[in-house]
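Visitor: Have a look at this one before I ask anything.
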Amino acid sequence: MPPFQPGDTIRLRLDGDATERVYAIVRPFLPFTKSVVVLARDVEECGEVVIKVYDPRFLGERARRRQGGRRRGGVGELELHQEEENVEWDAETAVLWEEYFYRTCMASFRDETRAYEQLSALQGSAIPRLLARGVVVDTDYRRAISCPAIVLEYLDGVAMQDAQDAIVDGARDAWIQLARTVERLRELEIVHSDINEGNILLCPAVAPCRAVLIDFGMARSGRCRSDVGRLEALLRRKGICIISS
Numbered sequence: 000m001p002p003f004q005p006g007d008t009i010r011l012r013l014d015g016d017a018t019e020r021v022y023a024i025v026r027p028f029l030p031f032t033k034s035v036v037v038l039a040r041d042v043e044e045c046g047e048v049v050i051k052v053y054d055p056r057f058l059g060e061r062a063r064r065r066q067g068g069r070r071r072g073g074v075g076e077l078e079l080h081q082e083e084e085n086v087e088w089d090a091e092t093a094v095l096w097e098e099y100f101y102r103t104c105m106a107s108f109r110d111e112t113r114a115y116e117q118l119s120a121l122q123g124s125a126i127p128r129l130l131a132r133g134v135v136v137d138t139d140y141r142r143a144i145s146c147p148a149i150v151l152e153y154l155d156g157v158a159m160q161d162a163q164d165a166i167v168d169g170a171r172d173a174w175i176q177l178a179r180t181v182e183r184l185r186e187l188e189i190v191h192s193d194i195n196e197g198n199i200l201l202c203p204a205v206a207p208c209r210a211v212l213i214d215f216g217m218a219r220s221g222r223c224r225s226d227v228g229r230l231e232a233l234l235r236r237k238g239i240c241i242i243s244s
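Following numbering that gives the first Met the number 0, the numbering of the sequence shown begins with 0 at its first residue and continues without gaps.
Here's what the structure looks like:
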């Protein structure tokens, strides 16, 4: 049975906490892309949270990329190709790709935590609250790396892509606030880079009054207007016309 199934547990050692915390998985959020994302329950406090684990074994890119390539001066410069059958692996190529996958996960963790820290003024309203960060405890002591993880507040909401048209159409105030949020991101020099229907939550799920931006795994520093353009294009496709102020 694959890992991260309902009923499985995740043991974390959180920064600034000498004790280990155990979380029971309620359900995974599939598919996994830059990180493993699960809804979990703290076994001691019983509250539900979202946990993101940056484990290169489950990086979504593994399923899309061929385990090979041509080295052009460094791991970060590997030429990537689409998946093909009958690929011959060799030891050096496999090591280079594992290094690439590891660095990709660590970069996503670094970028996401930096974004949340830089956007602390928006946490709990326009974006989820970052509750903790730490590392996964390897209870089998068989891995050479430690996988970082973050704990986020769980929001009772529905993704824009799953919401009924009537709910989307009736959430005008939420869209206006979201447009202001995206402008605020630019002022705080953070680019989300992945604004789409799956990364916008309407909260609460029934009669939503706010739109929350989630998943900063592709965030970067900067003040460009690409996020604004993506949001405007997304809302136009949904037939929503707003003017932020």
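Glycine included, each C-beta is placed from N, C-alpha and C at the ideal position.
Could you check which residue in I149, R141, L58, C208 has the C-alpha nearest to that of A125?
Guide: Here the closest residue by C-alpha is C208.
Visitor: Taking DSSP as the reference, what is the three-state secondary structure of C104?
Guide: In this structure, C104 counts as helix in the three-state DSSP scheme.
Visitor: Buried or exposed for R69, going by 16 or more other Cβ atoms inside 10 Å?
Guide: At R69 the pLDDT is 42, less than 50, meaning the model places this residue with poor confidence and gives no usable figure here.
Visitor: Helix, strand or coil for E182? Go by DSSP, reduced to three states.
Guide: Residue state, collapsed to three classes: helix.
Visitor: To the nearest angstrom, how far is it from the Cα of A232 to the Cα of Y101?
Guide: Rounded to the nearest angstrom, the two C-alpha atoms are 34 angstroms apart.
Visitor: Thinking C-beta only, is G156 closer than 7 angstroms to L121?
Guide: Contact: no.
Visitor: Quick check on DSSP: helix, strand or coil for E44?
Guide: Three-state result, E44: coil.
Visitor: I'd like the list of long-range same chain contacts for A204, defined as Cβ closer than 7 angstroms, with 5 residues on each side in sequence excluded.
Guide: Answer for A204: D155, G156, V157, listed in chain order.
Visitor: Could you pull out every residue in the same chain whose Cβ sits closer than 7 angstroms to the Cβ of R222, ignoring the five residues on either side in sequence?
Guide: For R222, where only same-chain residues beyond five positions count, the Cβ hits under 7 angstroms are R185, E188.
Visitor: Less than 8 angstroms between C-beta atoms, sequence neighbours within five positions excluded: which residues of the same chain meet that for S107?
Guide: Here the set comprises K33, S34, Y53, G216, M217.
Visitor: Looking at the secondary structure, which residues open and close the beta strand (DSSP E) in which A245 lies?
Guide: Given that the chain is displayed from residue 0 to residue 244, the structure contains no residue 245 and the question cannot be resolved.
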